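Report on one structure; see the data block that follows.
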Amino acid sequence: MSEKTLILVGGPACGKTNYLARVWESIRSKTGSLVSPRPPSDITFVEEALAHLLQGKFAPRSDRTIAESTHSFEIAVQGADRPNDPPASIVVPDVTGELWRQALET
Amino acid sequence: LSSLRKTLMAFNEISQGALNWNEGELPDQLTQHTELADDRTAGFLHLRLRHAESGEMRDFLLPDLPGEWTKSLVDKDRNDRLQFLKRADVIWLMMDGAQLRDEARRLWAVHRMQMLTERLRTMIGTLPPLVLVLTRRDDGPVPESAYDDLIEEAHRYGCQLSVVQIASFADDADVRPGFNVDVLMEACRSKPATATPCWPPNDEMATESRAMLRYRSASNDR
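See below:
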């Protein structure tokens with residue numbers, strides 16, 4: 001797996017956190033083509049979001065009172081059919097949509 | 107109960123709420139919420155039980171842990187104070203049966219238990235037999251379809267998982283308090299170790315090439 005960087009960008013309330021929660025559950029369940037050899041140490045942020053989705057609700061907005069949320073999520077992944085490959089890292093800082101909008105406007 | 111231990115005092119203390127009734131009304135809590143003075147050391151209840159029919163003795167060392175410890179294990183992988191689990195012969199995974207009966211909460215409850223099992227597997231390595239203990243059976247049985255994802259995932263990782271539905275208390279006349287607790291205890295019965303002979307039979311040694319074993323075999327033939 002070559003090193004690549006993917007950035008998740010979007011305005012307020014477009015569904016970034018909800019998407020991230022679904023990605024987490026997909027990787028955790030090890031039923032897709034991308035799996036995690038071991039779960040990350042701190043999964044509080046994605047678990048809080050997933051708690052809403054798995055009970056039939058959308059996750060609430062990220063904390064808008066701080067410009068850059070302290071929540072972030074990092075997980076090592078590898079291809080399900082390539083268990084001997086070195087894992088790659090997905091790092092997702094949970095930046096609020098307001099910050100992206102501010103960056104666009106200023 | 108063949109022997110009493112000091113831990114029974116603590117057991118009595120946490121179950122005291124179930125003995126105090128408010129003129130026929132249920133108390134808010136039947137047992138105390140577990141709070142530990144030392145948040146790094148678990149409290150244990152030691153019970154030595156004797157089987158009424160076979161006379162077999164069995165020791166149970168049951169930790170009484172705050173649920174928050176499990177939550178921090180799942181959310182933050184905090185396992186430093188749960189290292190004793192590595193020595194467990196059986197691990198009971200306790201789940202609120204009411205959550206599994208409720209379709210709105212079931213997916214989340216199953217997901218959290220899957221995460222807990224994964225944390226345990228990461229921490230311990232090869233897991234001992236697991237028993238999924240579903241509580242509140244007196245409110246109704248949990249259908250197998252509600253927990254078959256847990257069984258499937260456990261088997262996928264080579265874990266042995268059995269399921270017991272219990273009722274510590276009972277509102278339902280059809281289910282008595284303590285329902286299936288005996289089944290739960292029986293599910294933890296260890297299999298007898300395979301006996302190995304202290305000395306191998308002589309005839310297997312007759313062809314030995316090592317001098318000492320040849321000598322022993324020859325001396326027995328005299």
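As you go down the protein sequences, you meet chains D and R in turn. Under the numbering used here, the first residue of the first sequence is numbered 1, with each subsequent residue one higher. Under the numbering used here, the first residue of the second sequence is numbered 107, with each subsequent residue one higher. We treat Cβ as the ideally placed atom computed from N, Cα and C, and that holds for glycine. Remember, it's a predicted structure, so these values are computed and weren't measured experimentally.
Nonlocal neighbours in the same chain, by C-beta distance under 8 Å from residue i, ignoring five residues either side
i	result
residue 26/D	32 and 34
residue 20/D	8, 46, 49, 73, 92 and 94
residue 215/R	201, 202, 205 and 206
residue 221/R	180
residue 81/D	33
From the options, residue whose alpha carbon lies closest to that of residue i
i	options	result
residue 9/D	106/D, 96/D and 105/D	96/D
residue 224/R	29/D, 15/D, 17/D and 13/D	29/D
residue 291/R	168/R, 149/R, 148/R and 150/R	168/R
residue 173/R	199/R, 161/R, 190/R and 242/R	199/R
residue 368/R	242/R, 259/R and 253/R	Residue 368/R is absent from the model: chain R starts at 107 and stops at 328.
residue 43/D	18/D, 104/D and 24/D	24/D
residue 269/R	217/R, 262/R, 249/R and 282/R	249/R
residue 55/D	209/R, 228/R, 267/R and 260/R	209/R
residue 251/R	213/R, 285/R and 227/R	213/R
Strand pairing of residue i, partner residues [DSSP]
i	result
residue 198/R	237/R
residue 79/D	34/D
residue 271/R	240/R
residue 151/R	168/R
residue 93/D	72/D
residue 88/D	77/D
residue 163/R	156/R
residue 285/R	273/R
Beta-carbon proximity check, residue i vs residue j, cutoff 8 Å
i	j	result
residue 271/R	residue 240/R	yes
residue 244/R	residue 202/R	no
residue 148/R	residue 171/R	yes
residue 17/D	residue 51/D	no
residue 41/D	residue 183/R	yes
residue 13/D	residue 61/D	yes
residue 263/R	residue 227/R	yes
residue 101/D	residue 15/D	no
Neighbour flag for residue i against chain A, beta carbons, 8 Å
i	result
residue 20/D	No chain A is part of this structure, whose protein chains are labelled D and R.
Same chain, Cβ closer than 7 Å to residue i, neighbours up to 5 away in sequence not counted
i	result
residue 87/D	37, 76, 77 and 78
residue 196/R	234, 235, 237 and 294
residue 287/R	272
residue 246/R	207
residue 109/R	With a pLDDT of 46 at residue 109/R, under the threshold of 50, the predicted position of this residue should be treated as unreliable, and no value is reported.
residue 219/R	199, 201 and 256
Close beta carbons around residue i, own chain, < 6 Å, minus the five adjacent residues each side
i	result
residue 67/D	Here residue 67/D scores only 46 on pLDDT, less than 50, and its place in the model should not be relied on; the value that follows carries that caveat. Answer for residue 67/D: 99, listed in chain order.
residue 53/D	21
residue 192/R	230
residue 166/R	153
residue 211/R	205
residue 381/R	Any answer about residue 381/R is impossible in this case: the structure gives chain R only from 107 up to 328.
heavy atom of the ligand GDP below 7 Å from residue i C-beta
i	result
residue 16/D	Ligands displayed in this structure: none; no statement on the ligand GDP is therefore possible.
Quick one, which residues of the region 204-220 of chain R are near chain D if we go by CB-CB under 7 Å, in chain order? 210, 211, 213, 214 and 217
Of the residues that make up the region 217-247 of chain R, which ones have a beta carbon closer than 9 Å to any beta carbon in chain D? 217, 218, 220, 221, 224, 225 and 228
Quick one: which residues of the region 157-189 of chain R get their C-beta closer than 7 Å to a C-beta of chain D? List them in chain order. 181, 182 and 183
Given a limit of 8 Å on CB to CB distance, which residues of the region 42-55 of chain D reach chain R? 42, 43, 44, 47, 50, 51, 54 and 55
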